[in-house]
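Peer 1: Structure provided below as structure tokens; questions to follow.
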Amino acid sequence: MKEISNKELNSLSLEQLALKSEELRRDLFQLRLKEATSPTKSFSSDQRKLKRSVARVLTCMNEKFVLGLRD
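Residues 4 to 74 (my numbering) are what the sequence shown spells out, left to right.
Structure below.
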């Protein structure tokens, strides 16, 4: 699982960040389903990474939104 760097996120527009957020949430949902159907294998570290990536994207979106309103 590749993590997203802050540099990459800062270069994206708000629309692209929204799409990225939805994509990551979809991946997280799929991972939860996979873990539910396969109880012998744990994906908790992958879930943690995805949750943090979603939070990072949302934080970047919020920063861009707030800075956009101030200009």
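Just so it is clear, CB atoms sit at the ideal spot from N, CA and C, and this is done for glycine as well.
All figures in this text were calculated on a predicted structure; none of them were measured in a lab.
Using CA coordinates, which residue listed in S47, K23, L70 is at the minimum distance from L61?
Peer 2: For the residues S47, K23, L70, the minimum Cα distance to L61 belongs to K23.
Peer 1: Determine the contact status of V57 and L31, defining contact as a CB-CB distance below 8 angstroms.
Peer 2: Yes, these two residues count as a Cβ contact at 8 angstroms.
Peer 1: What whole-angstrom Cβ distance do F46 and K54 have, given they're in contact under 8 angstroms?
Peer 2: Their Cβ separation, rounded to whole angstroms, is 12 angstroms, which puts F46 and K54 out of contact at 8 angstroms.
Peer 1: Cutting at 8 angstroms between CB atoms, please list the residues of its own chain near L27, excluding the five before and the five after it.
Peer 2: Excluding positions up to five away in sequence, the list reads L53, S56, V57, V60.
Peer 1: According to the neighbour-count rule (16 or more other Cβ atoms, all chains shown, within 10 Å of its Cβ), is L70 buried or exposed?
Peer 2: Exposed is the call here.
Peer 1: For M64, which residues in the same chain have their Cβ closer than 8 angstroms to its Cβ, ignoring the five residues on either side in sequence?
Peer 2: Same-chain partners within the cutoff: L17, L20, A21, S24.
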